[in-house]
DNA sequence: GTGAAAGCGCTAACAG
DNA sequence: CTGTTAGCGCTTTCAC
């Protein structure tokens, strides 16, 4: 574990010269730069980020706050964040809230240990105290996915995406439309479910289509729960069932499809199913869905934070990212 | 952002006293400890890990090397690692190889920046050069999941798990058994697929059951690929098809089930399907599988690394973790 | 019990 | 172009 001082001594140079040379700073002759580079290479010198960070105040690391690492959106966005950050030589420090469990109370302490230069928050909600803590952090902050109050945010328009999905069903001629939604079973972001539900409501109202409360079930944003909920729905309503189901996430939509098939019904002949997200398994299910690019959102967030780090005057700005309706075989016109 | 020096000055004490008090070290009077604690609390003092790390040589962070954040096993193990680490106040810095893409060449440089005190490797393979680099790292190392040569490893017995799964099919009376396996489509760990395939081969040989090469397909360890592969298999073999399929991962097993149903066949009546892993969606598919606890493996790895950090003489030791055959509705005796 | 001083490995003025 | 001198914020002997 050789140090700067070490190789400076060996070469009979000063630490500053070696430091400058190794970082490609101007003011060192071509020749010495060569010598230094070689020496560094030879001894396998690798600078200590922490030491450098202490003196510059930059850690070359940014934190990513995730509610859980067990969900498609978070891990995919995380992947995008990492990709963009790695390209700039930054490390990512992961803060996993584990479904908002006890570790929660401590998270700000860890964040403030000055280990990271910025923070990316993946759709997590905070209480007033936590917001106050954020205010004192004083580092670039940005949210991805679910809205987080008082923070610039990158993500799709959750109301609109649900409207588009609902509209697709309406345009196919459906008027008996159920909803698989509800809040996240693990208590993750609540804004997303609410907004998507709003989109559904607005669109149906706009079309003058009746909203049947008994066709609304709670899928918990997870496949197994949604499957169970839809199974119960079908059981309960008998022949008086919806001809289409809007599922507020693809995971739930896949659960719905499994339940429908298990009930001896066919998709889309008996019931059309549409999802939201663009889960990697969606295509195999023939699922019609609105595809969003979580990885790109993560990358964009990372770039935004990086930009703020470069130029302190640069204010972070949120962004509404696109999604695309992808029609597959899970939706069709209702049977007559 | 108050510092130790700051609060020492305010109190008219020395930095050392404040440092000792805040870390609960002996040699400070009860009274001053109180005073200091309060002052620290009041100004919202939070120590800088990097500064502390510079002087102690410990960063209170450990690195986790993942091949990808888009697969069940990795994210689940990662979750376990984080949980155990967080409990000890350690941070996790994530090194995502992104399917062994270009970032790969740089990974050791980042690892060696002295940012982390130890490293947990989630089933990733390395070449000779990379191994040499690891050797120079000189920090606690442990692998989770797929075997990594020259490193203690925590994970299930991949040969055995495939034998058990195969045996389940044999015991049900199947003799026409196909395999959905092949290497990972993203070039991730190759040891796992190979070992599991070995288990399958050994078990069938032992039972004197014929291995039909034309019933072996490459599922790439991913649902969509497996679905496609099984669809082609069924198409190709017509009536001369297997009565059971061993899938080397649950993702592939779910793909197989989707393909079988799409072909108009029934699970398990026409074809039984068994998987390996214990994916959270498995139950909704009624999938019989061998369940392993990825989260526990991650936690165990973290604890092992932590133990080594505490006691330098403590040698890391790998461990074979358990799995359990969970029978559901995707397997039954073959039709007569 | 408490303080002074040195040092962790690096960067950043400021001289020369 | 290169070296000197201070720190960055904390821990850790070693005195008092």
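Chains as they are written, first to last, in the working numbering: chain A, 1 to 336; chain B, 1001 to 1336. Glycine residues also receive a C-beta, built at the ideal position from the N, C-alpha and C atoms.
Cβ contact annotation for residue 314 of chain A (same chain, cutoff 7 Å, sequence separation greater than five): 307 and 308, in chain order. Under the criterion of beta carbons closer than 8 Å, residue 205 of chain A and residue 158 of chain A do not qualify as touching, at roughly 17 Å.
Of all residues in the stretch 1037–1058 of chain B, the ones placed with a Cβ closer than 8 Å to any Cβ belonging to chain A are 1044, 1046, 1047, 1048, 1049, 1050, 1051, 1053 and 1054, in chain order. Under the three-state reduction of DSSP output, residue 1206 of chain B falls in the helix class. Burial is judged here by how many other beta carbons sit within 10 angstroms of a residue's own beta carbon; residue 228 of chain A has at least 16 and is buried.
With a cutoff of 8 Å on beta-carbon distance, residue 331 of chain A and residue 272 of chain A are scored as near each other.
Boundaries of the beta strand (DSSP E) around residue 288 of chain A: 288–292.
Interface with chain A (8 Å Cβ-Cβ cutoff): residue 1025 of chain B is excluded.
Cβ contact annotation for residue 1183 of chain B (same chain, cutoff 6 Å, sequence separation greater than five): 1190 and 1193, in chain order.
In the three-state scheme derived from DSSP, where H, G and I count as helix and E and B as strand, residue 1181 of chain B is classed as strand.
DSSP, reduced to helix, strand and coil, places residue 281 of chain A outside both helices and strands of the structure shown, so it counts as coil.
Counting only Cβ-Cβ distances below 7 Å, residue 1284 of chain B has contacts in chain A at 223, 224, 227, 255 and 258, in chain order.
For residue 1049 of chain B, the enclosing alpha helix (DSSP H) covers residues 1049–1056. If you draw a 10 Å sphere on the C-beta of residue 91 of chain A, you find 16 or more other C-beta atoms in it, and that means buried. Between residue 1169 of chain B and residue 1177 of chain B, the gap from beta carbon to beta carbon is short of 8 Å. For residue 285 of chain A, the CB contacts under 6 Å within the same chain, skipping 5 residues up- and downstream, are 254 and 257 in chain order.
Contact holds between the stretch 1286–1298 of chain B and the stretch 1316–1323 of chain B, because three or more Cβ pairs, one in each stretch, are under 8 Å apart. Residue 327 of chain A carries a coil assignment under DSSP once its states are collapsed to helix, strand and coil. Counting only Cβ-Cβ distances below 9 Å, residue 1098 of chain B has contacts in chain A at 79, 82, 83 and 86, in chain order. In terms of CA proximity to residue 1112 of chain B, A:45 leads the group A:59, A:128, A:45 and A:127.
Rounded to the nearest whole angstrom, the CA to CA distance from residue 1186 of chain B to residue 114 of chain A is 36 Å. Non-local C-beta neighbours of residue 233 of chain A in its own chain, meaning closer than 6 Å and more than five positions away in sequence, comprise 217, ordered along the chain.
At least 8 Å separates the beta-carbon of residue 1300 of chain B from that of residue 1062 of chain B.
At a beta-carbon threshold of 7 Å, the residues of chain B lying near residue 91 of chain A are 1093, 1110 and 1115, ordered along the chain. With its beta carbon less than 8 Å from one in chain A, residue 1069 of chain B belongs to the interface. In the displayed model, residue 1217 of chain B falls within a strand according to three-state DSSP. Close to residue 75 of chain A, with beta-carbon spacing below 8 Å, are these residues of chain B in chain order: 1069, 1070 and 1075. Taken through DSSP and simplified to helix, strand or coil, residue 211 of chain A comes out as coil.
Only residues of its own chain outside the window of five on either side were considered, and among them 1332 and 1335 have a CB closer than 8 Å to the CB of residue 1269 of chain B, listed in chain order. Contacts between residue 134 of chain A and chain B, judged by CB atoms closer than 9 Å, are missing: the closest CB pair is about 13 Å apart. Listed along chain B, no residue sits closer than 7 Å to residue 126 of chain A by beta-carbon distance, the nearest being about 17 Å off.
Chain A has a Cβ within less than 8 Å of the Cβ of residue 1281 of chain B. Under the DSSP definition of a beta bridge, residue 1335 of chain B lacks any partner.
Relative to residue 215 of chain A, the option among A:15, A:230 and A:326 whose CA is nearest is A:230. A:287 is the residue among A:16, A:126 and A:287 whose C-alpha sits nearest the C-alpha of residue 1224 of chain B.
Comparing alpha-carbon positions, the option among A:80, A:65 and A:64 lying closest to residue 1070 of chain B turns out to be A:80.
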